[in-house]
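Peer 1: Residue numbers (this note's numbering), protein chains in the order written: chain U, 8 to 346; chain E, 8 to 346; chain Z, 272 to 569; chain A, 174 to 428; chain C, 174 to 428.
We put the beta carbon where it would ideally sit given N, CA and C, even for glycine.
Pasting a structure below so you can have a look.
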Amino acid sequence: MTVTAKPPSTQDRPAEHGGARDSLLTKVLVRQETTLVLVMIAIGVFATARSALFLSESNLTSILRSSVIYFVMACGAALLVIGGGLDFSAGAVFTLGALSTCKLLVEGVPWPLAVPAGLAVCCAVGAVNFAVVTYLHVPPIIATLGTFYMLTGIDNLVTDGADVLPLPAGFQRVAQGSVLGVSNDVLIAVAVGVLFWFLLERTRFGVNVRALGGNRQAAVGNGLRVFRLDLALYVIAAATAALAGVVYSAQVGAGQVTAGGTSTTLNAVTAVLIGGVSLMGGMGSVQGVAVGAVLLSLIDNALVLTGIPPQYNSIVIGAILVSAVAVDHLRRARIYRKR
Amino acid sequence: MTVTAKPPSTQDRPAEHGGARDSLLTKVLVRQETTLVLVMIAIGVFATARSALFLSESNLTSILRSSVIYFVMACGAALLVIGGGLDFSAGAVFTLGALSTCKLLVEGVPWPLAVPAGLAVCCAVGAVNFAVVTYLHVPPIIATLGTFYMLTGIDNLVTDGADVLPLPAGFQRVAQGSVLGVSNDVLIAVAVGVLFWFLLERTRFGVNVRALGGNRQAAVGNGLRVFRLDLALYVIAAATAALAGVVYSAQVGAGQVTAGGTSTTLNAVTAVLIGGVSLMGGMGSVQGVAVGAVLLSLIDNALVLTGIPPQYNSIVIGAILVSAVAVDHLRRARIYRKR
Amino acid sequence: ADRAGGGSSAGGQGAMTIQFVNPLPSYPTWRQIGECMADEAKQRGADLAQSGPTGQALDATAMIQQVRQATANKKDAIITFPAGEGFAEVLKQAKAAGVVTGTIYGPGGEGSGSDYNIGPDWASIGETLVGAVAAQPGKHVLGLVAAADTGLGKSWLDGVKGAVAKTDNVTIAGEVYTGDDAAKALPQVNALLTAHPDVTTIVTHMGTTTPGAVSAIKSRGLLGRTFLLAGGHDNGGSEAMEEGTANLMLMQDVCTLGKQLVDGVVDVHQGKKPAEAPVRIQVVGKDQVQGLLDKGWV
Amino acid sequence: MPAPALRLRGVRKWFGSVSALEDVHFDAHAGEVHAIVGDNGAGKSTTIKIVAGVHRADEGEVLVNGEEIGHVRSAADAQERGIAVVYQDLALVECLDIAHNMALGNLPRRFGIVLDRRRMEREAARVLKDLKVRVGDVRTAAGLLSGGQRQVVAVARAVRMDKPIMLLDEPTAALGVQETAHVGGIIDELRATGKAVVIVSHDLDFVFSHADRVTVLRLGRTVGTRRVDEVGREEVVGMITGAVPPDAPHHDEVA
Amino acid sequence: MPAPALRLRGVRKWFGSVSALEDVHFDAHAGEVHAIVGDNGAGKSTTIKIVAGVHRADEGEVLVNGEEIGHVRSAADAQERGIAVVYQDLALVECLDIAHNMALGNLPRRFGIVLDRRRMEREAARVLKDLKVRVGDVRTAAGLLSGGQRQVVAVARAVRMDKPIMLLDEPTAALGVQETAHVGGIIDELRATGKAVVIVSHDLDFVFSHADRVTVLRLGRTVGTRRVDEVGREEVVGMITGAVPPDAPHHDEVA
Ligand SMILES: Nc1ncnc2c1ncn2[C@@H]1O[C@H](COP(=O)(O)OP(=O)(O)OP(=O)(O)O)[C@@H](O)[C@H]1O
Ligand SMILES: Nc1ncnc2c1ncn2[C@@H]1O[C@H](COP(=O)(O)OP(=O)(O)OP(=O)(O)O)[C@@H](O)[C@H]1O
Ligand SMILES: [Mg+2]
Ligand SMILES: [Mg+2]
């Protein structure tokens, strides 16, 4: 097996034996987010060429605002996936959070009470997911799929299948108002993002979650309180799904029974995965998820603005998803090019 | 840590140090299928009590016939999952297989040619999935999700969104005819089931697939041709999804653009998981998948026959899914009871 | 009016911009509505862009996002199918931003957020369906097939149930849901017919049910005893009428509906009062189908 | 003589219908190195895991400092009761770096909640330096290390935990000559600081030069415990292979 | 003297920007046991994996029987070219049983396609018996075995493959005294049957009693190769630690 007989050229080798770390530039360049941002820029250039409206402030805001839902939901989902779990029920929890909050709102409960109450209901659902997985030993997907079905039924029963509205203006301002020109829903997303970034990157909890997802047996053996971590993860995933539902209700001014469901779960999971979180656990970042969520709503938006017939939407979306990740791999391989 | 000071009672301990294997009875008892069959019997008893029609031959046949679709699709999906992969595109491949076959049929191509052609198209899709995963290093879920989106678009474009019909009677008999009183679609499912059981349990290929899913690195190191295995798995998964689509078309006598999609993927994956196949790879059986598929259509059928208001359907489905697996765990724990 | 955008290449400066948020852009009926709208918009000098959710199923969330995007992009008018009560609020948000709103098959009226609605509401669709069945001689037992007990499915179920209550020769034996999953049509209709062998007519709001229902009726040997009320000529509706598994078909003049909707929205934009449009939906027997098809009905 | 730091009595363990431990007993004292030796599959790792809280004994007692410590339900409990472990399979998280792995279960923090990454890396580097170990940068992911480097990280983690009872399951199996000598030195130091060190090893040279007592397991049973300075290598090998019969059953303290 | 069964020349390997091998060369001959020793992280396992086809060398040559064998792109290729391997991490499939693991990559079959399970189990039991190894039933899942039992299975797998070149990466690290002696015996037998056996080990006693030649790696470079009967233990340790300077660079056959 003669691989090559070319003499070694040392200049492009920064490394000593077993030592060497990558430069900061390399570190930034090899991140998946960087690729996704490049893909976003490419889409943006294309969309701008087809419609001047794309770069208008109101359009960019609208992209951001529609990504808020995916992102908030994806934050909790990402944390759970990094911790080695999976929550299929998120789409139904989204609806449950929205509906239970809106039910209270139309009954006259002021929103500062109704929102926490709605979230609390969903946290309880998260705890049930945890209990079913942990104590009844049901694999996470089946457990949360079961919860998904049950909640879908409950969501419908509770509302009798009808959307819940009208919602008080005060509540709608939670998403529709703005502070210093930035709309509230975007602010909420930023706050959630910062919180999750902090949790994941700067706390013991974050490290423990990565350890749990990276090697559950090692986490157990090294004395992590894995049940507590699991509980926290399922509850957090449910809470962000519910919060996304609440924000969505405030955005559209109604508690929609038909919002959420499989497609919402799918979108959040897509944002998580495209953002570089590994289903194998342990790996991923909030920045990646943020870029993934914005990319998804950017694609949706650009498809409308560029006037591509909607029949072609799904082809374009599929192609972009796959090529974004594929390009990412090729870029990295180039950076670490084999001699 | 005093666990217990009770003197050892040896009689219920079949084992010697590090030795001891379980008896055949224990082996049957601990299987997940056994639990699922018990759950099915329980549902059957309940349904019969509410409606004598449940046990009618035509109803039981109709349960079996509707499980055929899930089962055929789930066979390939299960093999792929056992081999450590995942195919999200199956729902769209289902549609593609049905549509491409039906397109050929309405153009006058006889079914013994049209069906293989339709399947071949889908096998090519499976090969594309493999290539994207292997050579572009896109994680399986994103790759197959991308394929899913793209095929959804292509399915629509090809048919202009309209169902493809009428189909020749000869083709419809492929599913609707019967041999010795057993309808053809059930016979197809049995044949597929036997083939996959044989593949998984009695061939080198099956062992290699389990090894690949159980520990990919070990499979590579031990000299398995992992790329070939991957290719085979993706192609097989696509082929069964397409075959399921073809059989479905023959059942209803139309190539429906709207059949397949996310919900079909979800149903097949549910059958796979509830049947005891682990998403972690390596573990699972065709028998389990068969029982899982029948259970799903049994639940749907029993819900209608027992006259449970359809609003409660999804609650009942969710509850049965979770409890079937939970009961399974409890049963096993009892069998291997701790002293 | 604002500057043209959103995929307009033809529309010049000052042309009215209309966004049609199509619920099912790949579905033939809805695609036809979109095409007719685009033709009419061109006639009226407006610029109509079309968008819609990805995938096969109706996705209210994605539609609402697109309504909001069109509002943010300051379209002159937004047209959509309000698939649920929740659309009222986003349409109101659009109106508040100065956008003219038009709906098809919506509830219409003050609270709907719609400046101009066209097409019957679900109560009158239900009456049309049930009325046609009741007009046939004898007693009729309905088996209902709906997507779900929410959104569109629920509106339809409520309409049908309300209408049945007003007749004396029509009853409902049972209902099943398919979750808009075509592959569920066959087993669900099979189970429905097993549980309620007395069903004479299968009624559904989903064209996707047709092949499954037809297959179930035939395979159970109920040809001539149980009929499908076909939900349009696509999906094998015409063939079912031909072979006798279906005895009635719901038909609509969707193209005219679409054109009138565009006219109405343009009129509102120009400050004119739009014309009331007649209801163009009918349930017909086998002999009338071809005539209506020739007139552009589907 | 004070109560032993760690005492096992009649410990049994079943995995399903497989019996892994039949009757394990030994006493490990503070300030002593207690070796556990035995054939492959004798039950050494299972014993360690029971003490570590990973498995629960089906029968028998595990006492820390002479106290029944109630149910230790998890490794976290065991850790709180003063037990640090190096597992035979090392139990490293491959996607985390060396510093994180070394601090796992006891991450340093500032201001109550913020992870003190700087301190964590400093501590990791210091412990590794104390161990005279070269594994490159502490920010290298554990999954990229060589077999021996991983083992060193696992040992360093246990040392950093600084608990009164240390359980080391084959801590030198993958180590080179020098590194093995370093770890021997560390074990001597741990004994000098008064810790009870329990070490599982197949390397009898290592056992004879660092341990004070040695307990031999065979087929899930304690064959006997000896003071290293009172026993010959042949006798230990005989006990391992079964050539020397097990000590008479008894339930008092040994040695 | 015939061409060496296995020859490495100037092999280099980078992982990203980390250099694992700088210049590795040695010759292993049929009918000889060739030991590779070196500090932790010296590059022994990386060398083995390159020969095994798991990694590809960035530079340098790997020759089997004096022939450039072209690109070995995978372990499957290497296996076809007559190489059997025991990896340091063993590479067992935990969910498969012992018999399956031992036959992996070379499952016996009947009638062309049917897996011959009976024969597979019989062969596994026979090989294990030949190795005088007790791991219980060959139908036990590998994941349930003790560390040493796994290692025995991995070694048995390589023996069962019966290839002319055997690479053993630390095959006795987890083994007890008796089992280590058994494996030593196996290695002697393999040599006697004319195989080229390459063995990585930290156990210098083992190396000195079973190997014919020993190559020392240090920091990814070959320091030198010696005949075991011509070198002292101190010299080898000195080469490992760097106390003895590396041999002058050369590109001809050694020893
Ligand atoms: N996949 C990899 N990615 C990055 N670095 C690696 C990888 N594999 C090995 N290395 C590095 O290469 C060097 C040599 O590793 P190798 O496993 O060959 O050592 P070794 O001689 O087998 O050591 P040990 O005796 O500890 O097993 C080490 O510094 C290790 O960290
Ligand atoms: N989780 C388990 N399930 C079933 N059997 C097990 C399990 N863990 C260990 N065993 C069995 O228990 C016995 C003792 O295993 P243990 O790992 O304690 O041995 P050991 O003394 O550490 O051996 P080694 O020196 O090889 O590491 C073995 O026969 C093993 O197969
Ligand atoms: Mg052990
Ligand atoms: Mg090594």
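Classify G25/E as buried or exposed, calling it buried when 16 or more other Cβ atoms lie within 10 Å of its own Cβ.
Peer 2: Numbered from 1 along the second sequence, position 18 holds the residue referred to as residue 25/E. Per-residue confidence for G25/E stands at a pLDDT of 41, beneath the threshold of 50, marking its modelled position as unreliable; the derived number appears in the next sentence. Around the C-beta of G25/E, 16 or more other C-beta atoms lie within 10 Å, and the residue is accordingly described as buried.
Peer 1: V233/U and L277/A: beta carbons closer than 9 Å?
Peer 2: By 1-based counting over the first sequence, the position of residue 233/U is 226. By 1-based counting over the fourth sequence, the position of residue 277/A is 104. Between V233/U and L277/A, the CB-CB gap reaches or exceeds 9 Å.
Peer 1: State the DSSP-derived secondary structure class of R38/E, mapped to helix, strand or coil.
Peer 2: To locate residue 38/E, count along the second sequence from 1; it is residue 31. Coil, per DSSP.
Peer 1: Drop a sphere of 10 angstroms on the beta-carbon of G283/Z, count the other beta-carbons inside from all chains shown, and report buried for 16 or more, exposed for fewer.
Peer 2: Translated into the one-based positions of the third sequence, residue 283/Z becomes position 12. Because G283/Z sits at a pLDDT of 43, beneath the cut-off of 50, its placement in the model cannot be relied upon, and the point is left open.
Peer 1: Strictly under 9 Å for the Cβ-Cβ distance: is D94/E near chain Z by that measure?
Peer 2: Position 87 of the second sequence, counted from the first residue, corresponds to residue 94/E. Chain Z has no Cβ within less than 9 Å of the Cβ of D94/E.
Peer 1: Using a Cβ cut-off of 9 Å (strictly closer), state whether Y255/U contacts chain Z.
Peer 2: What you label residue 255/U is simply residue 248 of the first sequence in a count that begins at 1. Yes - at least one Cβ of chain Z is within 9 Å of the one on Y255/U.
Peer 1: Can you tell me whether D534/Z is buried or exposed, with buried defined as 16 or more other CB within 10 angstroms of its CB?
Peer 2: For the purposes of this step, residue 534/Z is identified with residue 263 of the third sequence, where counting begins at 1. That one is buried.
Peer 1: Would you please state the rounded distance, in angstroms, between the beta carbons of E296/C and P281/C? I believe it to be under 8 Å.
Peer 2: Translated into the one-based positions of the fifth sequence, residue 296/C becomes position 123. Translated into the one-based positions of the fifth sequence, residue 281/C becomes position 108. Right, their Cβ atoms sit about 7 Å apart.
Peer 1: Under 9 Å, Cβ to Cβ, is there at least one residue of chain E near A405/Z?
Peer 2: Locating residue 405/Z in the third sequence gives position 134, counting from the first residue. False, the Cβ-Cβ gap to chain E never drops below 9 Å.
Peer 1: Please specify which runs of the alpha helix (DSSP H), each continuous and at least 4 residues long, are wholly inside the stretch 209-287 of chain U, giving them in chain order.
Peer 2: 211-221, 223-228, 233-259, 269-281
Peer 1: Mind checking T11/U: buried by the 16 CB within 10 Å criterion, or exposed?
Peer 2: In the first sequence, counting from the first residue as 1, residue 11/U sits at position 4. Low per-residue confidence applies at T11/U: pLDDT is 29, beneath 50, and the placement is therefore not dependable, though the value from the model is reported in the following sentence. The residue is exposed, with fewer than 16 neighbouring Cβ atoms inside 10 Å.
Peer 1: What do you get for T366/A, buried or exposed, if any count of 16 or more other CB atoms within 10 angstroms of its CB means buried?
Peer 2: One-based indexing of the fourth sequence puts residue 366/A at position 193. The residue is exposed, with fewer than 16 neighbouring Cβ atoms inside 10 Å.
Peer 1: Can you confirm whether Q252/A, when its beta carbon is compared against all beta carbons of chain U, has any partner nearer than 9 Å?
Peer 2: Indexing the fourth sequence from 1 puts residue 252/A at position 79. It does; some Cβ of chain U falls within 9 Å.
Peer 1: Are there 16 or more other CB atoms within 10 angstroms of the CB of D386/Z, so buried, or fewer, so exposed?
Peer 2: Translated into positions along the third sequence, residue 386/Z becomes position 115. Classification of D386/Z: buried, given that the 10 Å Cβ count is 16 or more.
Peer 1: With E398/Z as the anchor, note down where its alpha helix (DSSP H) starts and where it stops.
Peer 2: What you label residue 398/Z is simply residue 127 of the third sequence in a count that begins at 1. Here the alpha helix (DSSP H) through E398/Z covers 393-406.
Peer 1: Scan the stretch 274-297 of chain C for residues whose Cβ lies nearer than 7 Å to a Cβ of chain E and list them as they occur along the chain.
Peer 2: L277, G278, L280, R282, I286, V287, L288
Peer 1: According to DSSP, which residues form a beta bridge with N388/Z?
Peer 2: Taking the third sequence and counting its residues from 1, the one referred to as residue 388/Z is at position 117. DSSP, once it has assigned bridges, lists T374/Z as partnering N388/Z.
Peer 1: What does the alpha-carbon distance come out to for the pair A359/Z and V338/Z?
Peer 2: Within the third sequence, numbered from 1, the residue matching residue 359/Z stands at position 88. Within the third sequence, numbered from 1, the residue matching residue 338/Z stands at position 67. When only Cα atoms are considered, A359/Z and V338/Z end up about 11 Å apart.
Peer 1: For Y260/A, which option in M293/A, V237/A, G226/A, G309/A has the closest C-alpha, if you only look at C-alpha atoms?
Peer 2: Counting from 1 along the fourth sequence, the entry for residue 260/A is found at position 87. That would be G226/A, whose Cα lies nearest to the Cα of Y260/A.
Peer 1: Note the first and the last residue of the continuous beta strand (DSSP E) segment covering Q523/Z.
Peer 2: If you number the third sequence from 1, residue 523/Z lands on position 252. Counting along the chain, Q523/Z sits inside the beta strand (DSSP E) bounded by residues 517-523.
Peer 1: Beta-carbon of E356/Z versus every beta-carbon of chain U: anything under 9 Å?
Peer 2: For the purposes of this step, residue 356/Z is identified with residue 85 of the third sequence, where counting begins at 1. E356/Z counts as touching chain U.
Peer 1: Is there at least one Cβ from chain C nearer than 9 Å to P21/E's Cβ?
Peer 2: Locating residue 21/E in the second sequence gives position 14, counting from the first residue. Low confidence applies here, because P21/E scores a pLDDT of 33, under 50, leaving its location unreliable; read the following figure in that light. Chain C contact via Cβ: absent.
Peer 1: I need the DSSP call for G397/C, collapsed to helix, strand or coil.
Peer 2: Along the fifth sequence, read from residue 1 onward, the residue named residue 397/C stands at position 224. Strand at G397/C.
Peer 1: Taking C-beta pairs closer than 8 Å, name the residues in chain E that L250/U reaches, listed in chain order.
Peer 2: Counting from 1 along the first sequence, the entry for residue 250/U is found at position 243. The contacting residues do not exist; L250/U stays about 23 Å from chain E at best.
Peer 1: Which residue wins for smallest C-alpha separation from Y83/U, given the options A297/U, V323/U, M47/U, A309/U?
Peer 2: Position 76 of the first sequence, counting from 1, holds the residue named residue 83/U. Contrary to the premise, residue 83/U reads as Gly rather than Tyr in this sequence. Here the closest residue by C-alpha is A297/U.
Peer 1: When the Cα of E403/C is compared with those of D385/C, V417/C, A416/C, V389/C, which residue comes out closest?
Peer 2: As a first step, residue 403/C is located in the fifth sequence; it is residue number 230 there, counting from the start. It is D385/C whose Cα lies nearest to the Cα of E403/C.
Peer 1: Consider the C-beta atom of G255/C and the heavy atoms of ligand 2; say whether any pair is separated by less than 8 Å.
Peer 2: Here the question's residue 255/C lines up with position 82 in the fifth sequence. No, the Cβ of G255/C stays beyond 8 Å of every heavy atom of ligand 2.
Peer 1: Kindly indicate the opening and closing residues of the beta strand (DSSP E) around F95/E.
Peer 2: Position 88 of the second sequence holds residue 95/E. Annotation for F95/E: no beta strand (DSSP E) segment contains it, and DSSP assigns it neither H nor E.
Peer 1: Secondary structure at G183/A, three-state DSSP: helix, strand or coil?
Peer 2: On the fourth sequence, residue 183/A is found 10 positions in, with the first residue counted as 1. G183/A falls in the strand class under three-state DSSP.
Peer 1: For P177/C, which option in G183/C, H202/C, R185/C has the closest C-alpha, if you only look at C-alpha atoms?
Peer 2: Against the fifth sequence, residue 177/C aligns to sequence position 4. Of the candidates G183/C, H202/C, R185/C, the one whose C-alpha sits nearest the C-alpha of P177/C is H202/C.
Peer 1: Within this structure, are the beta carbons of G393/E and I195/U separated by less than 9 Å?
Peer 2: For chain E, the structure presents residues 8 to 346; residue 393/E sits outside this window and is missing.
Peer 1: Looking at ligand 2, does it come within less than 8 Å of G189/A, judged from the CB to the closest heavy atom?
Peer 2: Counting from 1 along the fourth sequence, the entry for residue 189/A is found at position 16. For ligand 2, a non-hydrogen atom lies closer than 8 Å to the CB of G189/A.
Peer 1: For ligand 2, is there a heavy atom less than 8 Å away from the beta-carbon of K305/C?
Peer 2: By one-based count along the fifth sequence, residue 305/C stands at place 132. Incorrect: K305/C has no Cβ contact closer than 8 Å to ligand 2.
Peer 1: Where do the N-terminal and C-terminal ends of the beta strand (DSSP E) with R391/A fall, by residue?
Peer 2: Position 218 of the fourth sequence holds residue 391/A. Looking at the DSSP string, the run of the beta strand (DSSP E) that includes R391/A is 386-391.
Peer 1: Looking only at its chain, what residues have a beta carbon closer than 8 Å to the beta carbon of P146/U, apart from the 5 residues adjacent to it on each side?
Peer 2: As a first step, residue 146/U must be located in the first sequence, where it is residue number 139. V140, listed in sequence order.
Peer 1: Since T472/Z is in the beta strand (DSSP E), which residue starts that stretch and which ends it?
Peer 2: Here residue 472/Z corresponds to residue number 201 of the third sequence, with the count starting at 1. 472-475 is the extent of the beta strand (DSSP E) around T472/Z.
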